[in-house]
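Number of protein chains: 2
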Amino acid sequence: MPTSLSSLDYFRDSYEVRLAQLNEKRRKGTKIVGTFCLFVPDEIIFAAGADRIVLCGGRTDTIHLAEQYLPRNICPLIKSSFGAIVDACCGGNLSCPHIQLVDVVVAEATCDGKKKMYEILPEYVPTYVLDLPQKPESSEAIDYFLAELRKFGGFMEKLTGNVLTDEVLKREIQSSNETRKLLRRLFDLRKLDPPPILGSEILSVMQKQFFLAPDQFRQGISRLCEELENVIPEPRSGRRIMISGCPMAAGNTKMSDIIEQKGGVTVVEESCTGTRSFWDLVDENRNPWDALAERYLEIPCACMTPNDRRVARIVDLAKQYNVDGVVYYTLQFCHAYNIERLRVQQALKKEKIPMLAIESDYGDSDIEQIGVRIDAFLEMIS
Amino acid sequence: MPTSLSSLDYFRDSYEVRLAQLNEKRRKGTKIVGTFCLFVPDEIIFAAGADRIVLCGGRTDTIHLAEQYLPRNICPLIKSSFGAIVDACCGGNLSCPHIQLVDVVVAEATCDGKKKMYEILPEYVPTYVLDLPQKPESSEAIDYFLAELRKFGGFMEKLTGNVLTDEVLKREIQSSNETRKLLRRLFDLRKLDPPPILGSEILSVMQKQFFLAPDQFRQGISRLCEELENVIPEPRSGRRIMISGCPMAAGNTKMSDIIEQKGGVTVVEESCTGTRSFWDLVDENRNPWDALAERYLEIPCACMTPNDRRVARIVDLAKQYNVDGVVYYTLQFCHAYNIERLRVQQALKKEKIPMLAIESDYGDSDIEQIGVRIDAFLEMIS
């Protein structure tokens with residue numbers, strides 16, 4: 001049962017506001033960068049005077065287009081995103097209008113599927129790929145990533161014609177940290193029992209983080225926090241659930257929706273569209289490039305190996321948010337998150353925290369099935 | 001119809017000989033390293049005084065074991081390999097006896113599936129993982145890989161108690177280059193029309209490269225070359241086929257077998273169990289570490305991005321070997337090779353070289369189906 005929080009209206013109306021802003025900025029010469037992943041630091045894009053929107057697709061209706069080029073058995077996020085770009089570049093009307101505003105895609109070598117999809121993108125949109133070391137714990141890995149970030153900075157300078165100074169970069173780091181702190185404040189409110197807001201509502205808000213301008217997004221989050229800090233929560237007896245796993249891109253709220261329709265309540269998402277996006281701050285007291293390289297390489301994505309940081313984070317979040325159970329969510333054919341499930345399950349079992357693993361795509365055909373499994377899980381943990 | 005080359009008997013008998021050798025070496029204190037990939041330089045292992053065997057599984061009978069830990073929808077090579085190790089470590093009798101001889105696995109961050117499987121391996125066998133940059137073209141990438149190789153060298157020194165000198169490393173580079181040149185000589189013979197040997201016979205020999213000791217392997221290849229240089233080939237009217245794509249590990253000759261049962265003849269494999277293993281030499285006139293880093297990072301595996309080198313190599317091989325068509329072979333759920341198919345197809349189309357894409361696992365259930373498609377392809381290109 002959705003709450004009626006008036007501050008959520010702000011987000012509902014924000015798409016059109018932002019679209020107008022992007023159009024206006026572009027008309028005035030600002031470059032618009034499209035990204036697909038948290039590993040590409042926003043700070044560098046903004047410090048170079050460009051704007052950015054994240055292009056990860058959560059909708060099912062562009063997938064059939066992608067399947068003309070890509071194998072069917074890869075993850076729906078990749079197919080949805082690629083299909084949206086193909087559609088936008090071929091004058092279709094399936095994809096959201098903001099996709100046509102992108103001057104360049106800045107991609108990253110995270111998973112096999114995205115990495116190889118990016119090789120086909122240049123036929124549709126200029127594409128720059130940032131390499132990532134995959135073993136993040138060594139000083140050599142940080143050095144390599146630092147070099148990649150500096151090269152990326154150089155690319156942004158060329159693209160925009162602006163000079164990317166350390167001073168502006170520091171200001172952007174502060175700005176991004178401000179967003180991160182606000183999101184912590186928002187997520188802290190979900191620790192209340194019962195939580196004052198549904199997980200599906202939070203997810204829709206979090207998805208906006210990747211499209212709105214930072215100040216526009218922060219304004220909405222501030223209002224939401226203020227309202228939540230003063231709201232008297234509706235009594236809810238739902239089991240407290242953490243969703244952990246793959247990103248849930250705009251258009252995809254399937255898992256949260258099912259959990260909450262079945263009477264659970266999602267209190268935290270260990271996800272790119274959840275804690276992974278804001279949990280760790282960038283150190284403001286260091287050289288900004290070094291600080292960015294270290295912080296970003298610590299993002300506990302399953303593309304990293306070993307990924308003990310993520311396993312520990314999940315257990316920690318489960319405790320902090322006092323969850324009754326974890327739904328481990330994998331997008332179909334996402335090998336990294338899918339295989340990492342075993343280690344997460346082992347760690348949660350040690351802590352006696354129940355876990356249910358669900359692998360799904362963006363289609364509707366398994367909603368009933370998943371619902372039955374969620375029902376059984378909620379009953380088991382109640 | 002298989003030829004009757006007496007030099008092939010050498011390889012048929014070689015398993016037992018090598019197994020006895022490994023047992024004897026181990027008894028005397030030599031460390032046995034298990035690897036899974038061409039990106040781990042043999043030269044470093046041998047120079048440190050250790051021996052190595054490649055553990056990639058091509059058999060179907062250990063897969064059910066792996067599926068107790070790993071998702072079903074990942075590639076059969078990963079499941080087969082992991083299952084064999086689990087079996088060996090749990091006292092089973094499914095896997096080959098050499099697996100129990102491995103002191104340590106040296107793995108690499110190539111694809112998502114293997115990378116994440118390696119995180120579970122330490123429960124069964126000590127495991128060391130070599131990181132790989134994924135964009136091989138930059139000097140920073142080479143520097144990073146060089147640092148990884150040097151660290152790996154240090155690890156090998158600790159493991160064996162030997163000092164890994166540049167001198168010994170150079171000797172091992174020469175030795176490996178010798179093997180590579182011999183394999184070139186062997187593959188050059190396949191350029192004859194008709195070729196003097198079947199592709200399925202060559203594949204079985206190539207699979208032995210990853211198990212036998214280098215001198216033992218070279219002896220067999222020398223004999224084979226000598227015999228082939230003097231043999232009068234049986235007249236064959238089969239279409240000349242290149243198999244391009246995923247490795248075909250020992251136990252898996254499915255694709256070659258089907259092609260040749262249908263009357264085609266495989267004249268070259270663009271594969272880890274084909275040209276990728278030997279095509280490029282290591283420069284013997286440079287610092288051995290630098291030379292290794294550069295040569296190995298140039299292996300045109302689909303895990304690299306962009307992978308223009310592979311696309312160009314395929315077109316080049318198709319011409320050099322005068323092929324009538326290419327069978328693009330992907331192991332099921334191997335995203336990297338599967339997605340790269342599009343770019344390969346585009347490049348071959350430009351050259352008017354026909355291509356058939358086949359995705360398969362190690363099971364028998366699709367042999368009929370694949371046969372029908374191969375039949376149609378051979379007819380189309382004749």
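Protein chains in written order, with my numbering: chain A, 1 to 382; chain B, 1 to 382. Backbone N, C-alpha and C fix where the C-beta goes; we use that ideal spot for every residue, glycine too. Note that the structure is predicted; figures quoted are calculated from it, not measured.
- Assignment of residue 52/B by DSSP, reduced to helix, strand and coil, places it in the strand class.
- Per DSSP, reduced to three states, the secondary structure at residue 245/B is strand.
- For residue 67/B, no beta strand (DSSP E) encloses it, and the DSSP letter there is neither H nor E.
- For residue 258/A, no beta strand (DSSP E) segment is defined; the enclosing uninterrupted segment is the alpha helix (DSSP H) at 254 to 261.
- CA-CA distance, residue 354/A to residue 101/A, rounds to 44 Å.
- As computed with DSSP, residue 355/B is found in a beta bridge with 326/B.
- Taken atom to atom, the span from the alpha-carbon of residue 113/B to that of residue 75/B is near 7 Å.
- Taking the Cα of residue 18/A as reference, the smallest distance to any Cα among 52/A, 44/A, 48/A, 4/A is reached at 52/A.
- For residue 55/B, no CB of chain A lies under 7 Å from its own CB, so it is not counted at the interface with that chain.
- Just so you know, the alpha carbons of residue 111/A and residue 127/B end up roughly 22 Å apart.
- From the listed residues 307/B, 366/B, 370/B, the smallest Cα separation to residue 339/B is found for 307/B.
- Using beta-carbon distances, residue 116/A counts as an interface residue toward chain B, with a partner under 7 Å.
- Within the same chain, and ignoring the five residues on either side of residue 162/A in sequence, the residues whose Cβ sits closer than 6 Å to its Cβ are 48, 49.
- Secondary structure of residue 220/B (DSSP, three-state): helix.
- The Cβ atoms of residue 239/B and residue 358/B do not sit closer than 7 Å to each other.
- Cβ proximity to chain B below 8 Å picks out 109, 111, 112, 113, 115, 116, 117, 118, 119, 120, 129, 131, 132 from the stretch 99 to 132 of chain A.
- Look at residue 230/A: its C-beta is not under 7 Å from any C-beta on chain B.
- Between residue 109/A and residue 86/B, the alpha-carbon positions lie close to 31 Å from each other.
- Shown here for residue 298/A: same chain residues with a beta carbon closer than 8 Å to its own, the five before and five after excluded, namely 136, 280, 309 in chain order.
- Segment contact: the stretch 200 to 212 of chain A against the stretch 262 to 279 of chain A, three or more CB-CB distances shorter than 8 Å; contact assigned.
- For the beta strand (DSSP E) assignment, the uninterrupted runs of no fewer than 3 residues enclosed by the stretch 265 to 324 of chain A are, from N- to C-terminal side, 265 to 270.
- A straight line joining the alpha-carbon of residue 209/B with that of residue 277/B spans about 9 Å.
- Taking 7 Å as the upper bound on Cβ-Cβ separation, chain A lies near residues 333, 335, 336, 338, 339, 340, 342, 343 of the stretch 330 to 351 of chain B.
- Residue-level contact check: residue 296/B does not touch chain A, since none of the beta carbons of chain A fall below 7 Å from its beta carbon.
- Not flagged as an interface residue toward chain B: residue 328/A, since no C-beta distance is shorter than 7 Å.
- Closest in alpha carbon position to residue 124/B, among 103/B, 214/B, 195/B, is 103/B.
- If you look at residue 32/B, you'll find it in the beta strand (DSSP E) that goes 32 to 35.
- Nearest to residue 214/B by C-alpha distance, out of 193/B, 177/B, 195/B, is 177/B.
- Judged by beta-carbon spacing, residue 106/B lies within the 7 Å limit of residue 35/B, meaning their Cβ atoms are closer than that value.
- Only residues of its own chain outside the window of five on either side were considered, and among them 242, 244, 270, 326, 344, 347, 348 have a CB closer than 8 Å to the CB of residue 314/A, listed in chain order.
- Nearest Cα to residue 360/B within the set 375/B, 328/B, 139/B: 328/B.
- Selection 292/A, 302/A, 337/A, 365/A evaluated against residue 144/A yields 292/A as nearest (Cα-Cα).
- DSSP places residue 10/B in no beta strand (DSSP E) but in the uninterrupted alpha helix (DSSP H) bounded by 8 to 12.
- Within the stretch 134 to 202 of chain B, complete alpha helix (DSSP H) segments of at least 4 residues are found at 139 to 160, 166 to 189, given in chain order.
- With 16 or more other Cβ atoms inside 10 Å of its own Cβ, residue 335/B counts as buried.
- As the crow flies, the alpha-carbon of residue 10/B is around 20 Å from that of residue 97/B.
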